[in-house]
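Below: one structure, written as structure tokens.
Spelled out as structure tokens, the structure:
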């Protein structure tokens, strides 16, 4: 029924918002674990938008002419796999080795320039407060496995592309006019819970050492108050990816169309309007067309030209672009700002934002 689809779509909005906010909460841990500059960390976080922009227009236009629930399920599955891929580098690289100079948040300058070949064991205490010179001071990524995180985040963006346009249109096509706004409000409300949960999960995970379960924690001489601490950033991606895959599973079994709410009162109307699993009353453009001919449609460019000629629509686009341009950078590095300027731990920073 449409209500079951509403539940599945709401959970998908929750899971995609949760994984997105968790990425924001873990970006400083990833940056520290791979010794990345902030510019590269920003590119990694922007991988989601890069992947989304590649396919969103084509998916929104052509996807509405096919089996929308299955396209949404395929996208959600890809998004879940991309989320799991983000956690993969942790299992491929060695154990985390931190520099020996101790530094607590809020205790003045930190010296992190230590040649990698001279790192002590986990149990060795700090011996010097001076920075080392040489190759250790060169800010270079420890491993190129961070590329997998970028690819996984791009896959998340590609997988997310059909969820909003096709999911909302499916609800609107099959709901009564007076219920459509209510259903949309339900989806958005559940989706708004996702970012808060994502940051709370990030707060919990960053309290755990990055190699928890793989090393003897008694040998770890640092704690979350130490700037060398790296939380278990990978753990939340396993959780978010699993939730996304489970949420996508029921959508594979949905029909291409469900009975319209206004037609449920008369069974004869349902039989008359639902043909081969597609409701022609709401999709007149696909009547008589084969799927193969849809990609040869000449309606796409004229439709796009018509939209771009609408001044109200263009102004809304510009407004949204400017809003996101200001918001996303602030949202991505807000946790890092709290850590460095106010001496907060990564866990507490995520808790404050969440």
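In mature numbering (1 follows the signal peptide of the UniProt record, and there is no 0), the protein residues as written are -19 to -1, 1 to 335. We treat Cβ as the ideally placed atom computed from N, Cα and C, and that holds for glycine.
Per DSSP, residue 315 is one residue of the alpha helix (DSSP H) stretching across 292 to 323. By the criterion of at least three beta-carbon pairs nearer than 8 Å, the region 220 to 239 is in contact with the region 53 to 67. Residue nearest to residue -1 within the set 211, 229, 178, 301 is 178 (criterion: CA-CA distance).
Inter-residue distance for residue 217 and residue 290 is about 44 Å (C-alpha atoms, whole angstroms). The bridge partners DSSP lists for residue 193 are 196. Between residue 40 and residue 142 the beta-carbon gap is near 5 Å, inside 8 Å, which marks them as a contact.
A distance below 7 Å between beta-carbons, with the five flanking residues on each side excluded, links residue 76 to the following residues of its chain, in chain order: 192, 195, 196.
Around residue 332, the same chain offers 180, 181, 184 as residues with beta carbons nearer than 8 Å, after the five sequence neighbours per side are excluded. Using a 10 angstroms sphere on the CB of residue 300, the tally of other CB atoms stays under 16, which defines it as exposed.
Residue 207 sits in a strand when the DSSP states are folded into three classes. Shown here, residue 75 sits in coil according to DSSP, grouped into three states, outside any helix or strand.
Within 10 angstroms of the beta-carbon of residue 227 lie fewer than 16 other beta-carbons, which makes it exposed.
A residue is called buried once 16 or more other Cβ atoms fall within 10 Å of its Cβ, and residue 22 is buried on that count.
Assignment of beta-bridge partners to residue 212 by DSSP yields 190.
Here DSSP, grouped into helix, strand and coil, assigns residue 46 to coil. Around the beta-carbon of residue 172, 16 or more other beta-carbon atoms lie within 10 Å, marking it buried. Burial check for residue -15: the Cβ neighbour count within 10 Å reaches 16 or more, so the residue is buried. Straight across, the Cα-Cα distance linking residue 284 with residue 42 is about 10 Å.
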